[in-house]
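> Below is one structure. I have some questions about it.
Number of protein chains: 2
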Amino acid sequence: MPQVRFLPKEVEVECKSGTNLMELAADAGIELKAVCGGAGSCGKCQVIVNEGEVEILDQGNLSPDKLNQGYVLACKTEVATDVTIEIPPESRLSKHQVFIDEKAEEEDKLLTEEELELQGKFEISPIYTRMSLELEEPSLVSNAGDLERLYTELNRNRGSLPALRTPLPVLKDLAGHLRENDWQTQVSVTRVTEDYGEIVELNPIDDQQADYGIAVDIGTTTVVLELVDLEQGKVVATEGAYNRQANFGDDIIGRINFAKEKDGGLDRLHQAIIKTINELIDQAVESAGIAQDDIKTAVFAGNTTMVHLFLGIDPNNIRIDPYIPTVNFVPPLRAQELGINIKDNGWLHCLPGVSSFVGGDITSGTLATNISEQEKITLFIDIGTNGELVLGNQDWLMTCSCSAGPAFEGGGITHGMRAMAGAIEFFEIDAESYQVKYSTVNDAPPIGICGSGLINLLAILEETGIIGRSGQFDMDLDTDRLRETDYDKEFVLVWAEEAGIDEDIVISENDIKNLLRSKGAIYAGIRMMLQNMSLQEEFIEQVFIAGGFGHYINLEDALKIGLLPDLPLDRFTFVGNTSLKGARMSLLSEEKFEEVQEIANKMTYLELSAESQSQDFMDEFVAAQFIPHTDLSLFPSVTG
Amino acid sequence: MPQVRFLPKEVEVECKSGTNLMELAADAGIELKAVCGGAGSCGKCQVIVNEGEVEILDQGNLSPDKLNQGYVLACKTEVATDVTIEIPPESRLSKHQVFIDEKAEEEDKLLTEEELELQGKFEISPIYTRMSLELEEPSLVSNAGDLERLYTELNRNRGSLPALRTPLPVLKDLAGHLRENDWQTQVSVTRVTEDYGEIVELNPIDDQQADYGIAVDIGTTTVVLELVDLEQGKVVATEGAYNRQANFGDDIIGRINFAKEKDGGLDRLHQAIIKTINELIDQAVESAGIAQDDIKTAVFAGNTTMVHLFLGIDPNNIRIDPYIPTVNFVPPLRAQELGINIKDNGWLHCLPGVSSFVGGDITSGTLATNISEQEKITLFIDIGTNGELVLGNQDWLMTCSCSAGPAFEGGGITHGMRAMAGAIEFFEIDAESYQVKYSTVNDAPPIGICGSGLINLLAILEETGIIGRSGQFDMDLDTDRLRETDYDKEFVLVWAEEAGIDEDIVISENDIKNLLRSKGAIYAGIRMMLQNMSLQEEFIEQVFIAGGFGHYINLEDALKIGLLPDLPLDRFTFVGNTSLKGARMSLLSEEKFEEVQEIANKMTYLELSAESQSQDFMDEFVAAQFIPHTDLSLFPSVTG
């Protein structure tokens with residue numbers, strides 16, 4: 002069987018002749034970019050064949066130059082003989098982004114007071130809890146059964162909470178436990194649904210063992226887990242990792258494709274996320290010095306596709322008109338049903354979604370920012386591949402998803418990339434010489450431009466007159482950085498000799514169009530929600546910008562290019578990973594757990610592709626593809 | 002290893018030296034009487050060692066004669082070498098009793114109209130049901146998830162029934178199923194608790210497959226199962242068998258002892274009942290020509306000890322003052338949790354009990370006889386080892402258990418036995434010559450006296466003056482049938498030469514005392530309930546006598562001896578196996594299922610050994626140990 006050697010990691014694996022190179026890399030733990038999920042269309046999984054023979058099924062969009070240098074698309078190449086494969090820097094998923102998210106988390110932790118203010122204070126009453134009870138000792142005149150006796154005392158303590166179920170193993174221990182402990186007991190009760198709970202454990206009254214839960218944000222790219230001491234309401238460990246599904250597609254459409262097109266694709270994606278989460282559990286458990294069995298329950302928040310894949314449910318209908326998910330309100334599941342390594346029989350809860358493109362991450366974020374408890378009309382923005390928006394207050398909530406595309410994540414942009422080492426975050430361009438200065442993540446040699454860099458760049462290009470309001474280059478400018486290729490115009494940001502890659506880092510007119518489409522889609526989405534509620538921009542009293550991406554964008558740039566509505570800067574707050582925060586809150590408070598269900602129930606989903614909306618949306622979308630907008634009166638402070 | 006040969010069945014088994022003979026017999030499928038559960042006290046498990054050596058741990062109450070003939074108590078004997086063991090007829094459990102119960106069942110079926118009258122008519126609305134639904138097809142403006150769409154339509158059809166849960170496997174199939182079937186579906190829904198149900202299956206709308214349920218009466222001696230077509234409300238097969246636990250103890254106290262004293266005793270008892278039920282399922286499934294998977298749910302009724310053993314819960318506290326069971330309201334369990342061979346994931350329901358000695362068989366009987374829906378004050382009597390009584394009507398229900406002892410089942414009576422082949426059911430005694438005529442079950446040579454025979458005998462002995470009202474023999478009578486042994490007085494009913502056993506069949510004065518104690522306990526129980534409700538006998542408007550035993554007693558005899566209250570004969574009805582009937586009704590009607598829960602909730606349990614009752618009970622008990630009673634005014638029709 003052929004031997005395959007991956008560089009620079011020096012990983013060697015054996016495989017059958019005819020094995021797909023991308024899948025082999027994934028199995029070998031090599032993290033390759035794979036935006037399109039192996040469709041051959043994104044061109045991000047380029048690798049270099051240094052030695053040996055491969056079978057190239059499709060050359061994709063590789064230039065003749067690159068093909069000559071041995072570049073192939075891993076997803077469209079099969080192993081033929083022993084080969085050595087080099088993974089160039091631009092095709093690697095580095096660990097950096099996860100670190101950034103963790104940094105963001107740490108920053109959040111410094112903001113605890115503000116955070117509490119933001120979220121509204123809530124009482125710790127976790128969905129898994131212990132109660133110490135002293136039962137009436139039975140007698141000939143008080144002869145209820147042991148279980149009924151326990152229920153009576155529990156109900157006296159709990160108020161009118163839902164009915165309880167007691168599983169057989171607990172029932173088998175009950176009589177002995179109560180008698181050995183003189184009718185004093187510490188009962189662990191867990192929420193299952195709104196309608197019923199379960200008695201999970203019986204312990205002696207002096208048992209001091211802490212119970213833990215996990216809150217997990219299942220992001221398309223990154224999965225972050227918090228290990229929470231349920232009684233104290235304290236986070237005792239935070240762990241983050243790439244979603245192992247990233248090997249099979251970078252965004253949700255890529256994943257859905259992979260699930261549909263590849264043999265066993267759905268199961269591989271399902272296993273990948275389970276493995277990711279279990280690894281995070283291992284790390285958290287080790288870091289906190291507890292046992293897996295001490296984790297009694299879990300709350301997950303993720304977009305609708307992530308939740309479907311987590312459950313092993315085919316997500317295919319999510320991307321087919323009329324975009325119907327199998328489930329928004331996911332029933333609780335036992336840990337062993339999914340193979341999640343917490344205590345056996347522990348219950349797993351997924352926060353509810355609203356539609357195929359507004360998932361539990363958004364309802365969780367709405368909970369975390371306390372929108373539904375405030376009078377203030379609030380706009381919540383989570384920008385990823387889709388921009389998800391929530392508008393509302395305690396009286397009403399509206400949500401929509403605008404297909405912003407992956408431009409702000411680097412997708413569809415010649416040198417776009419995520420915020421990893423070597424990504425340019427910040428530019429300065431001299432208005433006369435057009436000389437470019439920049440700074441990169443980790444000060445590494447530049448290899449591309451991340452989202453915040455792209456927003457900044459767009460603002461500067463317009464400011465310096467390199468592009469006009471419609472995004473077209475002024476080709477009359479006197480600089481060799483502006484040039485025309487066979488099929489596009491481009492501006493050189495970093496010459497190849499300075500770059501961490503073997504070519505000039507550029508921004509093309511097509512890139513700019515993609516960025517304008519993305520920012521236009523988001524702004525048009527905001528306008529559509531306002532229009533449906535007959536509101537003006539100025540009625541928005543606060544704007545929450547969620548997600549790791551949000552942390553790094555320059556607000557003034559975002560207003561300048563017309564991505565965000567032109568409101569006073571003090572109305573904007575970066576709120577971090579609210580998906581995770583909402584999951585944690587739901588773990589720690591039954592009341593909050595109910596509230597997020599109510600949020601999902603009462604949120605009106607505005608389907609922008611529905612007949613009643615689509616023409617207005619197209620009009621808004623077209624008008625928003627200018628810098629900052631066709632209608633300058635919408636941006637008085639910018640155009641001032 | 003020693004070989005053990007059991008006669009007359011010619012079963013040969015191998016075992017370790019030192020193996021207990023009774024346990025070996027049980028494992029080899031030899032059904033031995035074992036009233037005391039292997040304590041060595043009942044003397045019913047006598048076997049004859051024909052060849053080979055055994056180790057006798059305890060001779061029990063065996064006479065020197067019997068010991069000389071090779072008799073040993075199987076429960077107190079261990080195998081030493083190769084042996085041949087003969088099981089004499091009186092130690093065998095024959096199949097007869099089960100056939101009798103089946104005969105009773107058949108008789109019941111002829112009484113359908115009366116039965117319906119008795120039970121109150123009810124609508125068939127089974128706890129597992131299918132609904133054909135046509136869902137609204139999704140669109141961009143009707144974009145609920147598949148599951149939420151299904152729930153909406155289900156709720157429209159069901160009215161305001163409890164919340165539903167959908168297990169993961171169904172969820173995984175949902176999207177494909179709905180789309181393949183053009184949004185038409187047949188949904189199977191099962192009740193789990195009052196608070197929630199579950200979606201179990203999705204089928205195409207034209208699926209014609211029938212769903213079945215089983216109703217099971219778990220009797221201490223006999224287990225009877227009905228296979229029921231849920232949609233048509235029709236019993237398609239009835240199967241009965243000995244409870245395989247009988248090998249480990251004849252009555253509940255014997256079983257509880259066995260569970261406590263023997264290694265793995267609880268598990269062996271648990272496995273024995275599971276095996277019994279699974280064998281009945283096999284038979285029913287074969288007889289009806291259906292598959293095990295077609296059985297979707299099950300309802301069980303049994304006394305509290307039987308239910309504990311069915312669940313594998315230690316029943317020990319049931320027999321220890323203050324007699325507290327682990328559970329009266331048993332939570333629903335999955336079939337696979339107990340290893341019951343119906344459809345995987347099918348729910349098992351045990352009807353609720355009231356106390357350690359009033360179990361789900363009695364609440365089921367109360368349901369089946371519709372007591373709680375009628376104005377008429379009704380007395381319900383189930384005579385077994387304990388006599389369980391219910392008194393009440395639609396407004397109130399009281400229940401008690403009187404430790405009647407096993408006399409009417411043949412326990413503690415020299416030649417007492419169950420109603421098997423050779424049991425004397427009926428006597429005639431000539432008032433002058435004291436000659437005895439009798440008839441036996443199956444006209445077999447007489448080997449003992451069953452319960453109905455004992456009641457009849459007691460009445461006749463008093464009528465003919467052989468005993469007085471206090472049960473003592475008139476030793477002055479001129480007959481050689483009356484004789485005195487070393488330790489008792491006795492009357493010979495069948496001389497050895499006529500009998501199917503090698504000795505005279507007799508009734509001793511001690512036997513008569515035991516019978517009077519049993520009937521006295523039941524009558525005193527009835528009196529106590531009346532007294533607690535400040536009622537007189539004549540207020541009882543109807544009396545239901547439940548159980549196989551009831552079918553064969555002569556009512557006039559029962560009144561004559563003062564077992565039953567002296568009411569017009571037309572107020573008495575034999576109602577057969579109401580435990581089974583109530584289970585069947587609960588299977589076929591959600592409303593009845595709820596009703597039996599309410600019955601158990603509202604029944605007041607009168608604990609006769611409680612301080613407030615015990616003195617009065619003792620007075621009543623002592624007064625009732627006369628024929629018919631100390632207070633003759635209570636039996637005007639009998640005493641004329």
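Just so you know, the sequences run in chain order A and B. When you line the first sequence up against the working numbering, it's residues 2 to 641, in that order. When you line the second sequence up against the working numbering, it's residues 2 to 641, in that order. Ideal Cβ placement from N, Cα and C applies to all residues, glycine included.
1) What number of angstroms, rounded off, separates the C-alpha of Leu117/B from the C-alpha of Glu374/B?
2) Under 8 Å Cβ to Cβ from Asp632/A, same chain only, skipping five residues before and after it: list those, please.
3) Going by the beta-carbon positions, is the gap between Gly366/A and Thr579/A smaller than 8 Å?
4) Can you tell me which of the three DSSP states Leu25/B falls into?
5) Output the boundary residues of the beta strand (DSSP E) element that contains Arg93/B.
6) According to DSSP, is Tyr553/B part of a helix, a strand, or is it coil?
7) Verify whether the separation of the beta carbon atoms of Gln187/B and Pro205/B is less than 8 Å.
8) Compare the Cα-Cα distances from Arg192/A to each of Arg572/A, Thr222/A and Tyr129/A and report the closest residue.
9) Cβ of Ile219/A within 8 Å of Cβ of Phe123/A?
10) Closer than 8 Å between beta carbons: that is the criterion. Which residues of the stretch 128-141 of chain A meet it against chain C?
11) Residues in the same chain with beta-carbon distance under 6 Å from Glu199/B, minus the five sequence neighbours each way, listed in chain order, please.
12) Considering only the alpha carbon of each residue, which of Leu462/B, Met530/B, Val437/B and Ala40/B lies closest to Leu74/B?
13) Give the secondary structure of Ser288/A by DSSP, where H, G and I count as helix, E and B as strand, and everything else as coil.
14) Is Phe249/B closer than 8 Å to Ala273/B when the C-beta atoms are compared?
15) Would you identify the three-state DSSP class for Arg518/B, choosing helix, strand or coil?
16) Below 8 Å on the Cβ atoms is my guess for Val328/A versus Leu172/B; work out the distance and round it to an integer in Å.
17) Determine, using beta carbons only, whether Leu169/A comes closer than 8 Å to chain B.
18) Check the Cβ-Cβ distances between Pro89/A and every residue of chain B, and say whether any is below 8 Å.
19) For my contact list, Glu91/B and Ile506/B are in at a C-beta cut-off of 8 Å; report their separation, rounded to the angstrom.
20) How many angstroms separate the CA atom of Lys263/A from the CA atom of Ile278/B?
21) What three-state label does DSSP hand Leu310/B in the structure shown?
22) Distance, Cα to Cα, Gly313/A vs Leu267/A?
23) Which residues mark the beginning and the end of the alpha helix (DSSP H) in which Phe330/A is found?
24) Within its chain, find whatever has a CB closer than 7 Å to the CB of Asp647/A; leave out the 5 residues flanking it on each side and keep chain order.
25) How should Arg157/B be labelled, buried or exposed, when 16 other C-beta atoms within 10 angstroms of its C-beta is the threshold for buried?
26) Counting along the chain, where does the alpha helix (DSSP H) carrying His178/B start and finish?
27) Taking only runs that begin and end inside the stretch 385-449 of chain A, name each unbroken beta strand (DSSP E) of 3 or more residues, in chain order.
28) Pick helix, strand or coil for Leu478/A, following the three-state DSSP scheme.
29) Measuring alpha carbon to alpha carbon, tell me which of Thr298/A, Asp322/A and Gly290/A ends up nearest Asn342/A.
30) Could you tell me whether the Cβ atoms of Ile467/A and Phe492/A are closer together than 8 Å?
31) Could you check where the alpha helix (DSSP H) with Thr574/B kicks off and where it finishes?
32) Could you please give me the residues that DSSP links to Cys351/B through a beta bridge?
33) Taking C-alpha atoms, which residue in Ser610/B, Val597/B and Leu352/B lies nearest to Arg320/B?
34) With 16 as the cutoff for other CB atoms within 10 Å, does Asp481/A come out buried or exposed?
35) In chain order, what residues of the same chain lie with their CB nearer than 6 Å to the CB of Glu1/A, ignoring the 5 residues before and after it?
36) Can you have a look at Ser535/B and say buried or exposed, based on whether 16 or more other CB atoms are within 10 angstroms of its CB?
In short, the structure shows the following:
1) The pLDDT assigned to Leu117/B is 48, lower than 50, so where the model puts this residue is not dependable; a value taken from the coordinates is nonetheless given after this. Rounded to whole angstroms, the gap between the alpha carbons of Leu117/B and Glu374/B is 13 Å.
2) Taken in chain order, the residues that qualify are Ala624.
3) Yes, these two residues count as a Cβ contact at 8 Å.
4) DSSP places Leu25/B in the helix class (H, G or I) of the three-state scheme.
5) Annotation: Arg93/B is outside any beta strand (DSSP E) and is labelled neither H nor E by DSSP.
6) Reduced to three states, the DSSP call for Tyr553/B is coil.
7) Yes; because the gap between Cβ atoms is below 8 Å, this pair is in contact.
8) The option with the nearest alpha carbon to Arg192/A is Tyr129/A.
9) Against a cut-off of 8 Å, the Cβ pair of Phe123/A and Ile219/A comes out as no contact.
10) The structure shown contains no chain C; its protein chains are A and B.
11) Within the same chain, Glu199/B has close Cβ partners Arg166, Thr191 and Val193.
12) The shortest C-alpha separation from Leu74/B is found at Ala40/B.
13) Helix.
14) Yes; because the gap between Cβ atoms is below 8 Å, this pair is in contact.
15) Three-state result, Arg518/B: helix.
16) Right, the Cβ-Cβ distance comes to about 6 Å (below 8 Å), so this counts as a contact.
17) Judged by the 8 Å Cβ criterion, Leu169/A is in contact with chain B.
18) Taking 8 Å as the CB threshold, Pro89/A stays off the interface with chain B.
19) A Cβ-Cβ separation of about 10 Å leaves Glu91/B out of contact with Ile506/B under the 8 Å criterion.
20) Straight-line measurement puts the Cα of Ile278/B at about 46 Å from the Cα of Lys263/A.
21) Reduced to three states, the DSSP call for Leu310/B is helix.
22) For Gly313/A and Leu267/A, the distance between alpha carbons rounds to 7 Å.
23) Segment: none, Phe330/A is in no alpha helix (DSSP H) and carries neither H nor E.
24) This structure cannot settle anything about residue 647/A, because the visible part of chain A is limited to 2 through 641.
25) In this structure Arg157/B is exposed. Its beta-carbon is surrounded by fewer than 16 other beta-carbon atoms within 10 angstroms.
26) DSSP places His178/B inside the alpha helix (DSSP H), whose first and last residues are Leu169 to Glu181.
27) Within the stretch 385-449 of chain A, complete beta strand (DSSP E) segments of at least 3 residues are found at 388-393, 398-403, 424-430 and 437-441, given in chain order.
28) Here Leu478/A sits in coil by DSSP.
29) Comparing Cα positions, the closest option is Thr298/A.
30) Result yes, Cβ atoms of Ile467/A and Phe492/A sit closer than 8 Å.
31) Not the alpha helix (DSSP H): Thr574/B falls in the beta strand (DSSP E), residues Phe573 to Gly577.
32) For Cys351/B, which the question treats as bridged, DSSP gives the partners Phe301/B.
33) The option with the nearest alpha carbon to Arg320/B is Ser610/B.
34) The residue is exposed, with fewer than 16 neighbouring Cβ atoms inside 10 Å.
35) It is not possible to answer for residue 1/A, since the shown part of chain A is limited to 2 through 641.
36) It is exposed - the Cβ of Ser535/B has fewer than 16 other Cβ atoms within 10 Å.
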